[in-house]
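Participant: My questions all concern the structure below.
Residue numbers (the numbering used here): -3 to 123.
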């Protein structure tokens, strides 16, 4: 059964958000060395849970369509099957399937209530 595997925290000022989450929770945060500005968040080792990331908000929050949420990503295989399931159950594909080089395939969707979530298929050969 697919499970939530990742979350994203959208921020106007990612550096400020990093300091906040490190200060409040003691989370370890490292800048990703990939092709976009993205900070990987490690929430712990010894307890059940998931890790995530902080990213710059792509749309303005005020007067725009900026995301105000932790966006969860669900691990699926194959992603194309789940994209079809989202559509057939009344959801929308917001960010079409795209490669995250060396990581896998990613898409973002809205559910029937307008809630944003991600789909990710692991594939280290994705380009």
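A virtual CB, placed ideally from N, CA and C, is assigned to each residue, including glycine.
#1: Counting C-beta neighbours from all protein chains within 10 Å, is the total for residue 109 16 or more, i.e. buried, or is it exposed?
#2: Give me the Cα-Cα distance between residue 23 and residue 116, rounded to the nearest whole angstrom.
#3: Which residue from 118, 97, 89, 96 puts its Cα closest to that of residue 104?
#4: Our contact map puts residue 129 next to residue 66 with C-beta atoms below 8 Å; I'd like the distance itself, whole angstroms only.
#5: Can you tell me which of 120, 5, 52, 29 puts its alpha carbon nearest to the alpha carbon of residue 39?
#6: Does the distance from the C-beta atom of residue 97 to that of residue 31 stay below 8 Å?
#7: Using CA coordinates, which residue listed in 121, 123, 101 is at the minimum distance from residue 114?
Facilitator: The relevant details are as follows:
#1: It counts as exposed.
#2: Annotation: residue 23 to residue 116 spans about 23 Å, alpha carbon to alpha carbon.
#3: The residue with the shortest Cα to Cα distance from residue 104 is 89.
#4: Because the chain spans -3 through 123 in this model, residue 129 falls outside it and cannot be assessed.
#5: Residue 5 is the option with its Cα nearest to residue 39.
#6: Yes; because the gap between Cβ atoms is below 8 Å, this pair is in contact.
#7: The candidate whose alpha carbon is nearest that of residue 114 is 101.
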